[in-house]
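Written below as structure tokens is the structure these notes are about.
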Amino acid sequence: DAGVTQSPTHLIKTRGQHVTLRCSPISGHKSVSWYQQVLGQGPQFIFQYYEKEERGRGNFPDRFSARQFPNYSSELNVNALLLGDSALYLCASSLEGVGSYEQYFGPGTRLTVT
Amino acid sequence: AQSVTQPDIHITVSEGASLELRCNYSYGATPYLFWYVQSPGQGLQLLLKYFSGDTLVQGIKGFEAEFKRSQSSFNLRKPSVHWSDAAEYFCAVGPIQGAQKLVFGQGTRLTINP
């Protein structure tokens, strides 16, 4: 079975631009979470979506938004990019929104903002 | 607030030696605890998890971890490391505020000497 997939693998953007990152969960998984991992640090939670509804939001500015589609795939959008947004963006999927806390991570999208 | 502390930023051990990576957490209730491993440029792979029951949990790749409530610790151990174990290891706690949010430690980088 395919694991969590993310696209693109790498991305270079300029300050002020907008970026969209994509994630496809493991087949059958209905929950998708997004994390930001800055170099040298642990991942930080951005969003969780379950059944197309936002279930949790981390301490990130409104420039960050996300959505989940009927097929449970998800997009993370970041507007007005800052240099500090450079990071590895990880997507994780799990079976359900509550009661099942095993999260399976994708390989990530490496975003560089110049 | 929930938090995870991994006191050792970098550990070096010889191949074949035993390993213990430390993790301390702060959490208001019974936590769900996880250890993940991340190879360079890769996503996170779940090594093991503790939800309830037996406080000694076995994971993949020969790893185990012990939950000690009195010490708020969840240390990761392996009796004999292999060169392929060189990676970054993250301890995480959840759920947070009803969501599948995980709070991660800063990580411990493991180097293996031949």
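Protein sequences appear in the order of chains A and B.
With the working numbering, you'll find the first sequence wraps up at 115, consecutive numbering, no jumps.
With the working numbering, you'll find the second sequence wraps up at 101, consecutive numbering, no jumps.
Every residue gets a Cβ at the ideal spot worked out from N, C-alpha and C, and that includes glycine.
**Request:** Measuring only between beta-carbons, confirm whether residue 61 of chain A sits less than 9 Å from chain B.
**Result:** Mapped onto the first sequence, residue 61 of chain A falls at position 60. No - not a single Cβ of chain B is within 9 Å of the one on residue 61 of chain A.
**Request:** Take every Cβ of the region 55 to 65 of chain B, pair it with every Cβ of the region 81 to 100 of chain A, and state whether three or more of those distances are shorter than 8 Å.
**Result:** No, the region 55 to 65 of chain B is not in contact with the region 81 to 100 of chain A.
**Request:** Check residue 15 of chain B in the structure and name its three-state DSSP category.
**Result:** Position 28 of the second sequence, counted from the start, is the residue given in the question as residue 15 of chain B. Coil.
**Asked** Checking contacts by CB at 9 Å: is residue 61 of chain B closer than that to chain A?
**Response** Locating residue 61 of chain B in the second sequence gives position 74, counting from the first residue. With 9 Å as the cut-off, residue 61 of chain B does not count as an interface residue toward chain A.
**Asked** Unbroken beta strand (DSSP E) runs of length 3 or more, entirely within the region 76 to 103 of chain A: which are they?
**Response** Contiguous beta strand (DSSP E) elements confined to the region 76 to 103 of chain A occur at 88 to 95, taking only those with 3 or more residues.
**Prompt:** Quick one: any contact between the region 68 to 75 of chain A and the region 22 to 37 of chain A, if contact means 3 or more CB pairs under 8 Å?
**Reply:** Touching, per the Cβ criterion.
**Asked** Exposed or buried, which one is residue 11 of chain A when buried takes at least 16 other CB atoms within 10 Å?
**Response** Walking along the first sequence from the start, residue 11 of chain A turns up at place 10. With a 10 Å radius around the Cβ and a threshold of 16 neighbouring Cβ atoms, residue 11 of chain A comes out exposed.
**Prompt:** Relative to the C-alpha of residue -5 of chain B, which residue among B/-11, B/7, B/1 and B/86 is closest?
**Reply:** Taking the first residue of the second sequence as 1, we reach residue -5 of chain B at position 8. Here the closest residue by C-alpha is B/7.
**Message:** Quick test of the definition: if touching needs 3 or more C-beta pairs under 8 Å, does the region 103 to 110 of chain A touch the region 55 to 64 of chain A?
**Reply:** Cβ pair count under 8 Å is below three, so no.
**Request:** Sort A/3, A/17, A/36 and A/8 by Cα distance to residue 115 of chain A and report the nearest one.
**Result:** As a working mapping, residue 115 of chain A is identified with position 114 in the first sequence. Closest option to residue 115 of chain A, Cα to Cα, is A/17.
**Message:** Between residue 52 of chain B and chain A, is any beta-carbon pair separated by less than 9 Å?
**Reply:** Working through the second sequence from its first residue, we reach residue 52 of chain B at position 65. Chain A contact via Cβ: absent.
**Asked** In chain A, which residues lie less than 7 Å from residue 86 of chain B when you measure between Cβ atoms?
**Response** Stepping through the second sequence from its first residue, residue 86 of chain B is reached at position 99. Contacts between residue 86 of chain B and chain A, judged by CB atoms closer than 7 Å, involve 49, 56 and 57 in chain order.
**Beta-carbon spacing of residue 35 of chain B, residue 45 of chain B below 9 Å** = Here residue 35 of chain B refers to the residue found at position 48 of the second sequence. Here residue 45 of chain B refers to the residue found at position 58 of the second sequence. The answer is yes: Cβ separation under 9 Å.
**Prompt:** For residue 5 of chain A, which beta-bridge partners are listed by DSSP?
**Reply:** Locating residue 5 of chain A in the first sequence gives position 4, counting from the first residue. For residue 5 of chain A, which the question treats as bridged, DSSP gives no partner whatsoever.
**Request:** Using three-state DSSP, classify residue 37 of chain A as helix, strand or coil.
**Result:** Translated into the one-based positions of the first sequence, residue 37 of chain A becomes position 36. DSSP places residue 37 of chain A in strand when its eight states are reduced to three.
**Asked** How long is the line joining the alpha carbons of residue 16 of chain B and residue 80 of chain B, rounded to whole angstroms?
**Response** Here residue 16 of chain B refers to the residue found at position 29 when the second sequence is read from its first residue. Here residue 80 of chain B refers to the residue found at position 93 when the second sequence is read from its first residue. Straight-line Cα distance between these residues: approximately 11 Å.
**Request:** Going by DSSP, name the residue or residues bridged to residue 24 of chain A.
**Result:** By 1-based counting over the first sequence, the position of residue 24 of chain A is 23. BP columns for residue 24 of chain A point to A/7 and A/75.
**residue 91 of chain B: CB within 8 Å of a non-hydrogen atom of the ligand FMN** = Here there are no bound small molecules, and the ligand FMN is not part of this structure.
**Request:** Work out the CA separation of residue 93 of chain B and residue 131 of chain B for me, nearest whole Å.
**Result:** For chain B, the structure presents residues -12 to 101; residue 131 of chain B sits outside this window and is missing.
**Span of the beta strand (DSSP E), counted from its first residue to its last, around residue 83 of chain B** = Along the second sequence, one-based indexing puts residue 83 of chain B at 96. From DSSP, residue 83 of chain B is part of no beta strand (DSSP E); its letter is neither H nor E.
**Under the three-state DSSP convention, the category residue 48 of chain B falls into** = As a first step, residue 48 of chain B is located in the second sequence; it is residue number 61 there, counting from the start. Of the three classes helix, strand and coil, the one that applies to residue 48 of chain B here is helix, per DSSP.
**Message:** Here's the rule: buried if 16 or more other CB atoms are within 10 angstroms of the residue's CB, otherwise exposed. What is residue 112 of chain A?
**Reply:** Along the first sequence, read from residue 1 onward, the residue named residue 112 of chain A stands at position 111. The residue is buried, with at least 16 neighbouring Cβ atoms inside 10 Å.
**Rounded straight-line distance, which links the Cα of residue 80 of chain A to that of residue 66 of chain A** = Taking the first residue of the first sequence as 1, we reach residue 66 of chain A at position 65. Taking the first residue of the first sequence as 1, we reach residue 80 of chain A at position 79. Rounded to whole angstroms, the separation of the alpha carbons of residue 80 of chain A and residue 66 of chain A is 8 Å.
**Request:** Report, in whole angstroms, the separation of the C-beta atoms of residue -12 of chain B and residue 49 of chain A, which I expect to be a contact under 8 Å.
**Result:** Residue -12 of chain B sits at position 1 when you count from the first residue of the second sequence. Residue 49 of chain A sits at position 48 when you count from the first residue of the first sequence. Contact doesn't hold; Cβ gap of about 18 Å is too wide.
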